[in-house]
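This report refers to the structure that appears directly beneath it.
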Amino acid sequence: MRTNILIALGIIAALAAAYLLHNVFPVDSPMDEYLTEVERAILAEEWSKAAEAIEKIDREWKRSRLLISINNSRSDLQEFIRTLAVLQAYVEVQDRAGAYAEAAHLRERWWRFAE
């Protein structure tokens, strides 16, 4: 019983430390640059560049989602993933209006993680 309590306290301490370190020493993320890149590519209808930017966004998301998941809800994480998938679909069919709207929504979702 005592071992279980110590393990639980250790996990809580690790999560708290990760949360504090993330807020005090934020990890630099190129996500804003990638989001701008995809928006510009969509507006210019440069679909291959937009697809490349989406791949960068996906890689950065996979790299940073663990820290983001510490202080955000599961539904927020799922909404980001869903929005990224919809954005990718709009880019694949070269729908400028839909892609740009989803890119803007993805940026809003990303900034909401920082709240």
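Residue 8 is where the sequence shown starts when you use the numbering used here, and the numbers rise one by one after that.
No residue lacks a Cβ here, since even glycine has one placed at the ideal position from N, Cα and C.
When C-alpha distances from R116 are compared across V93, D102 and F87, the shortest belongs to F87.
Per the Cβ contact rule, the segment 83-103 is in contact with the segment 57-64 (3 or more Cβ pairs under 8 Å). From the listed residues M38, E46 and L16, the smallest Cα separation to A106 is found for E46.
Per DSSP, reduced to three states, the secondary structure at D102 is coil, with no helix or strand assignment.
DSSP places N78 in the coil class of the three-state scheme, outside both helix and strand. Along the length of the segment 37-85, whole alpha helix (DSSP H) runs at least 4 residues long occupy 38-50 and 54-77, reported in chain order.
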